[in-house]
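Only one structure is covered here, and it is reproduced in the block below.
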Amino acid sequence: MASDMFLIAGLGNTGARYAKNRHNIGFMVADELAGRIGGTFKAASAQRCMLLEGRLGIGGPRVALIKPTTLMNRVGGAVSSVSKYFGIPATNVIAIHDEIELGFDTTQPRLGGSEAGHNGLRDITKALGTRQYWRIRVGVGRPPGRQQVADYVLSDFSAQERRTLPITLSDAADEVEKLIVTL
């Protein structure tokens, strides 16, 4: 096993209509990490994702940073495929995702546990055969009033949220780097 390598999966939906949705915050954090690595994503069709291999920091750990090219509910195949290709154990997999149970601008690492209704995490758990992988939960807050959760996460950030979003993305990327250094 290549336990010195990490798989970082930014979760989201592909396509321009989803690009600025709350549900795509994982893709946004992945883009922030790609900037830190200093590379660009390349199509990895067999793995159903955009992939960037590199190191986080000078002499830092090797990473396979991905953005699955499937819809959110089908990301598990891409995560599992890349994990197997590089020999990365589930405990070195980090999924970055939106979390409605955390307030906007809050990030929280977590190993294992429930998928809390997140279909992307549910698909990853099924594909990996375990819940024992890391998640970086990025808070997007709860829907206002009686708005349905699906409608809320598939809507764009508010103007006020967009003003502080770059800080949130940077903080979430920092959480990924801190986590990798401690593992």
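Just so you know, we're using our numbering here: the sequence shown kicks off at 5 and counts up by one.
Every residue gets a Cβ at the ideal spot worked out from N, C-alpha and C, and that includes glycine.
These numbers come from a predicted model, not from an experiment.
Using the rule of at least 16 other Cβ atoms within 10 Å of the residue's Cβ for burial, across every protein chain shown, is residue i buried or exposed?
| i | result |
| --- | --- |
| R166 | exposed |
| L11 | buried |
| I184 | buried |
| I171 | exposed |
| T168 | exposed |
| T44 | exposed |
| P72 | buried |
| T186 | exposed |
| I98 | buried |
Going by the CB atoms, is the gap between residue j and residue i shorter than 8 Å?
| i | j | result |
| --- | --- | --- |
| A13 | I100 | yes |
| R52 | G81 | yes |
| E103 | V144 | yes |
| R21 | F161 | no |
| T206 | A94 | Past the edges of the chain, shown from 5 to 187, lies residue 206, and the structure says nothing about it. |
| A4 | L69 | Lying outside 5 to 187, the shown extent of the chain, residue 4 is not represented and no answer is given. |
| G243 | I41 | With the chain covering 5 to 187 only, the question about residue 243 has no answer from this structure. |
| L115 | W138 | yes |
| Q112 | R146 | no |
May I ask you to list the residues that DSSP assigns as paired with residue i?
| i | result |
| --- | --- |
| P72 | C53 |
| S59 | Note that residue 59 is Arg in the sequence shown, not Ser. Per DSSP, R66. |
| A48 | C53 |
| F10 | V67 |
Keeping to the same chain, check which residues put their C-beta closer than 7 Å to that of residue i; ignore five residues upstream and five downstream.
| i | result |
| --- | --- |
| S174 | E36 |
| A6 | Confidence at A6 is low in this model, with a pLDDT of 47, below 50, so its placement is unreliable and no value can be given for it. |
| G117 | R135 |
| S159 | N25 and R26 |
| N28 | G16, N17 and Y22 |
| S84 | A131 and L132 |
| N77 | N123, G124 and D127 |
| E119 | L125, R126 and T129 |
Tell me which residues share the same chain as residue i and place their Cβ nearer than 6 Å to its Cβ, disregarding the 5 neighbours each side in the sequence.
| i | result |
| --- | --- |
| E181 | L60 |
| F31 | G14, G16 and K71 |
Any beta carbon from chain B within less than 8 Å of residue i's own beta carbon?
| i | result |
| --- | --- |
| V33 | This model lacks chain B altogether, as it is built from one protein chain only. |
Tell me which same chain residues have a C-beta within less than 8 Å of the C-beta of residue i, skipping the five on either side of it?
| i | result |
| --- | --- |
| K46 | M54, L55 and L56 |
Taking only runs of the alpha helix (DSSP H) that begin and end inside the segment 61 to 143, which ones reach a length of at least 4 residues, in chain order? 80 to 90 and 123 to 132
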